[in-house]
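For the protein sequence lines, the chains are A and B, in the order given.
Residues 29 to 287 in the working numbering are what the first sequence spells out, letter by letter.
Residues 29 to 287 in the working numbering are what the second sequence spells out, letter by letter.
Glycine included, C-beta positions come from ideal geometry on N, C-alpha and C.
Each remark here refers to the structure printed beneath this line.
There are 2 protein chains.
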Amino acid sequence: MAVRSVEATRAEDTRLLTLDELRAQLRAVGEERYHHKHPFHLMMHEGRLSRGQLQAWALNRYYYQSIIPVKDSIILSRGPDPVFRRAWRKRVVDHDGDATNNNVGGIHRWLKLAEATGLRAEKVRSGEGILPATRFAVNEYLNIVRSRSLLEAVASSLTELFSRDLISLRMEKLRQHYPWLAGGLDYFEARLTQAPEDAKFALNFVHENAKTRAEQELAIQALRDKCDILWAQLDALYFAYVQPGWPPPGAFRMNGEES
Amino acid sequence: MAVRSVEATRAEDTRLLTLDELRAQLRAVGEERYHHKHPFHLMMHEGRLSRGQLQAWALNRYYYQSIIPVKDSIILSRGPDPVFRRAWRKRVVDHDGDATNNNVGGIHRWLKLAEATGLRAEKVRSGEGILPATRFAVNEYLNIVRSRSLLEAVASSLTELFSRDLISLRMEKLRQHYPWLAGGLDYFEARLTQAPEDAKFALNFVHENAKTRAEQELAIQALRDKCDILWAQLDALYFAYVQPGWPPPGAFRMNGEES
Numbered sequence: 029m030a031v032r033s034v035e036a037t038r039a040e041d042t043r044l045l046t047l048d049e050l051r052a053q054l055r056a057v058g059e060e061r062y063h064h065k066h067p068f069h070l071m072m073h074e075g076r077l078s079r080g081q082l083q084a085w086a087l088n089r090y091y092y093q094s095i096i097p098v099k100d101s102i103i104l105s106r107g108p109d110p111v112f113r114r115a116w117r118k119r120v121v122d123h124d125g126d127a128t129n130n131n132v133g134g135i136h137r138w139l140k141l142a143e144a145t146g147l148r149a150e151k152v153r154s155g156e157g158i159l160p161a162t163r164f165a166v167n168e169y170l171n172i173v174r175s176r177s178l179l180e181a182v183a184s185s186l187t188e189l190f191s192r193d194l195i196s197l198r199m200e201k202l203r204q205h206y207p208w209l210a211g212g213l214d215y216f217e218a219r220l221t222q223a224p225e226d227a228k229f230a231l232n233f234v235h236e237n238a239k240t241r242a243e244q245e246l247a248i249q250a251l252r253d254k255c256d257i258l259w260a261q262l263d264a265l266y267f268a269y270v271q272p273g274w275p276p277p278g279a280f281r282m283n284g285e286e287s
Numbered sequence: 029m030a031v032r033s034v035e036a037t038r039a040e041d042t043r044l045l046t047l048d049e050l051r052a053q054l055r056a057v058g059e060e061r062y063h064h065k066h067p068f069h070l071m072m073h074e075g076r077l078s079r080g081q082l083q084a085w086a087l088n089r090y091y092y093q094s095i096i097p098v099k100d101s102i103i104l105s106r107g108p109d110p111v112f113r114r115a116w117r118k119r120v121v122d123h124d125g126d127a128t129n130n131n132v133g134g135i136h137r138w139l140k141l142a143e144a145t146g147l148r149a150e151k152v153r154s155g156e157g158i159l160p161a162t163r164f165a166v167n168e169y170l171n172i173v174r175s176r177s178l179l180e181a182v183a184s185s186l187t188e189l190f191s192r193d194l195i196s197l198r199m200e201k202l203r204q205h206y207p208w209l210a211g212g213l214d215y216f217e218a219r220l221t222q223a224p225e226d227a228k229f230a231l232n233f234v235h236e237n238a239k240t241r242a243e244q245e246l247a248i249q250a251l252r253d254k255c256d257i258l259w260a261q262l263d264a265l266y267f268a269y270v271q272p273g274w275p276p277p278g279a280f281r282m283n284g285e286e287s
């Protein structure tokens, strides 16, 4: 019966989704696998992480932050026209900064956060001690924007649809539980406005450029894969610096697998 | 003091290592971070893994096995001459098989092992349920052989220097603790002779082609990175299907880090 209903769904699946339907499907992916539900974040928001665990988080996520403008430069290099590239270039500026506008950029702001946890910026920048699993997950983001279609590369950025809510909550909880971190939150402050602007552009691009339902499904899958990249980074942190174990959403489960 | 002695070591580090010294340094990397010491393997060899855990292992490692001839084809495509390519081509044949010689190949043999754990070959081949962290780690192997020098790409294969001992032990322990798996061990049987042949060729290649100590160090680092790729796959398995947490060798440790 389950199999038949899947087939029935598939039969309808050739119809192009409207913008609202596409947004709803993308949001459903976020509800299932965005890292706001990861136990490492839940612990952070409940004030249950130690300073050392917050250091491990700031250090490892620095690697992610540091490749974001590389990732966006790859997309920039694949951009079809000046209008697209002008819009996308904003992202590189957001993270790398702009000397003339006195904008230090997101990477610098993340280093400030790492310093607020008690790490030395030079040590963080060196990458020493970052978990291999962090590198592998983050490098996969580069693989995706290099090797898939531009549509999928753009769609993989759409976790920004979900980040504003998570960042708002995080800022409140970090201030509440770790007041000594309060001076390091500029990164998040900036993202509160940057991320929604970027998400809006990317969502419209995906809607306008996915000409078939199959292309829309590829875009949705790219978002799913991006969520896995974020989730795996927290798994690695949790495994190395906190405890227990469970498979991420969608992964092999031991019970009921043997049929 | 510690810093001075590091500098003293570095000052001597321009001297080219002999073949024996190079082999010794590569073996030291294996002693530190090859996955023979990973708790998931220790549990396997002590008979403490459940059938479901062995399934998770066979399923996830299938992804690794399936990209090995892709990885070797990339190296083949970068090979400098027919002599190198003829030697390296053997690896692609070892894994993909050869219809005329009635050699089914390593990928097929791994599927037999997965079937012996109770999984369906078709399901394993589909890749469904493989941990994202497995894909990220394995894809990093492709990144390395694509983006680094040929010397480093070849050196990253040198975990084969260590695999014979691990495979001998594993076959003995699998037969002892999981006799129902005994019919699925052809993959390991074949690797007992293939891996040492391949390691010998690769070691000589690295020795002959690393013209400076700096190049030798890059080759050693490539082996270290490859070990991390293997280790991270078992971390992901352990985290998803077994338990606790500890950082892999060389990674950030929470205590003593804040200095």
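Delimiting residues of the alpha helix (DSSP H) encompassing residue i
| i | result |
| --- | --- |
| A/A181 | L178 to A183 |
| A/W208 | Run containing A/W208: none; DSSP gives neither H nor E here. |
| A/H63 | Premise fails: A/H63 is in no alpha helix (DSSP H) and is neither H nor E. |
| B/D263 | R241 to Y269 |
| A/A161 | P160 to S175 |
| A/S78 | Here A/S78 belongs to no alpha helix (DSSP H), and DSSP marks it neither H nor E. |
| B/R219 | D214 to N237 |
is_contact[residue i, chain A] using C-beta, thresh 9 Å
| i | result |
| --- | --- |
| B/V31 | Only weak support is given to the placement of B/V31: the predicted model assigns it a pLDDT of 36, under 50, and the value that follows is read from those uncertain coordinates. B/V31 does not count as touching chain A. |
| B/A230 | no |
| B/P275 | For B/P275, the pLDDT reaches just 47, beneath the cut-off of 50, and the residue's location in the model is therefore unreliable, leaving the point undetermined. |
| B/Y62 | no |
| B/P207 | no |
| B/F190 | no |
| B/D253 | yes |
| B/F216 | no |
| B/F112 | no |
| B/N237 | no |
| B/P160 | yes |
| B/D124 | no |
| B/D100 | no |
| B/L44 | no |
| B/D14 | Only positions 29 to 287 of chain B appear in this structure, which leaves residue 14 of chain B out of reach. |
CB-CB length for residue i against residue j, believed under 8 Å
| i | j | result |
| --- | --- | --- |
| B/Q83 | B/A165 | In fact, because the Cβ distance is near 19 Å, the residues do not count as touching under 8 Å. |
| A/L179 | A/A247 | 6 Å |
| A/R241 | A/D41 | 6 Å |
| A/C255 | A/Y62 | 5 Å |
| B/K140 | B/D214 | 6 Å |
| B/D100 | B/V120 | 5 Å |
| B/M71 | B/V270 | 7 Å |
| A/T187 | A/L251 | 7 Å |
C-beta contact flag for residue i and residue j at 9 Å
| i | j | result |
| --- | --- | --- |
| B/W208 | B/A142 | no |
| A/A223 | A/W138 | no |
| B/E74 | B/H235 | no |
| A/H220 | A/I257 | A quick correction: the sequence has Leu, not His, at residue 220 of chain A. The answer is no: Cβ separation not under 9 Å. |
| B/A52 | B/F229 | no |
| B/I135 | B/I96 | yes |
| A/N88 | A/L202 | no |
| A/D226 | A/S185 | yes |
| B/E168 | B/D253 | yes |
| A/V182 | A/I103 | yes |
| A/H310 | A/Q81 | The question about residue 310 of chain A has no answer, for chain A in this structure spans 29 to 287. |
| A/Q244 | A/L44 | yes |
Neighbour flag for residue i against chain B, beta carbons, 9 Å
| i | result |
| --- | --- |
| A/R163 | yes |
| A/W259 | yes |
| A/Q271 | yes |
| A/E168 | yes |
| A/P67 | no |
| A/A264 | yes |
| A/N130 | no |
| A/R89 | no |
| A/A39 | Only weak support is given to the placement of A/A39: the predicted model assigns it a pLDDT of 49, under 50, and the value that follows is read from those uncertain coordinates. It does not; no Cβ of chain B falls within 9 Å. |
| A/D226 | no |
| A/F233 | no |
| A/F267 | yes |
| A/E285 | Unreliable placement is indicated for A/E285, whose pLDDT of 41 sits below 50; no coordinate value is reported for it. |
| A/D109 | no |
| A/D48 | no |
In chain order, what are the residue ranges of uninterrupted alpha helix (DSSP H) at least 4 long that sit wholly in the segment 118-157 of chain B?
Within the segment 118-157 of chain B, the complete alpha helix (DSSP H) runs of at least 4 residues are 134-144 and 149-154.
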